[in-house]
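Trainee: Per the numbering used here, the sequence shown starts with residue 8, numbered consecutively.
This is the structure, below, for whatever I ask next.
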Amino acid sequence: MTNKKKLKKKIKRLEKAVGILKKSIKTVQMNYAGLSYILFSIISTYDRNSVTIQKTFEEISKIFNIKDNGEEVNETDKADSDLEE
8 MTNKKKLKKK IKRLEKAVGI LKKSIKTVQM NYAGLSYILF SIISTYDRNS VTIQKTFEEI
68 SKIFNIKDNG EEVNETDKAD SDLEE
């Protein structure tokens, strides 16, 4: 591949990643107030039951595509695999 083709491929990957990022930001902004209310309710209701809180946060982290070790899922990797298909 020439440098020009490689550059075009990288640009397409970046554009796809930016699109995914924009979509994620819009979703989080729309759901931020609702999420804050839910988290406050969970903490105030289940303050003494840390196991329930932990399970709930695990479910919330799955929604936001966060791995168990706390790192965010790399959306660029997903974009790369989508482009290859």
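Cβ atoms here follow ideal geometry from the backbone N, Cα and C, with glycine treated the same way.
These numbers come from a predicted model, not from an experiment.
To the nearest angstrom, how far is the alpha carbon of glycine 26 from that of lysine 16?
Mentor: Locating residue 26 in the sequence shown gives position 19, where the first residue counts as 1. Locating residue 16 in the sequence shown gives position 9, where the first residue counts as 1. C-alpha separation (whole angstroms): 15 Å.
Trainee: Do you know how far the Cα of leucine 14 is from the Cα of alanine 24?
Mentor: Taking the sequence shown and counting its residues from 1, one reaches residue 24 at position 17. Taking the sequence shown and counting its residues from 1, one reaches residue 14 at position 7. Taking the straight line from one Cα to the other gives about 15 Å.
Trainee: Do you know offhand how far glutamate 22's Cα is from lysine 69's?
Mentor: The residue labelled residue 22 in the question sits at position 15 within the sequence shown. The residue labelled residue 69 in the question sits at position 62 within the sequence shown. Taking the straight line from one Cα to the other gives about 25 Å.
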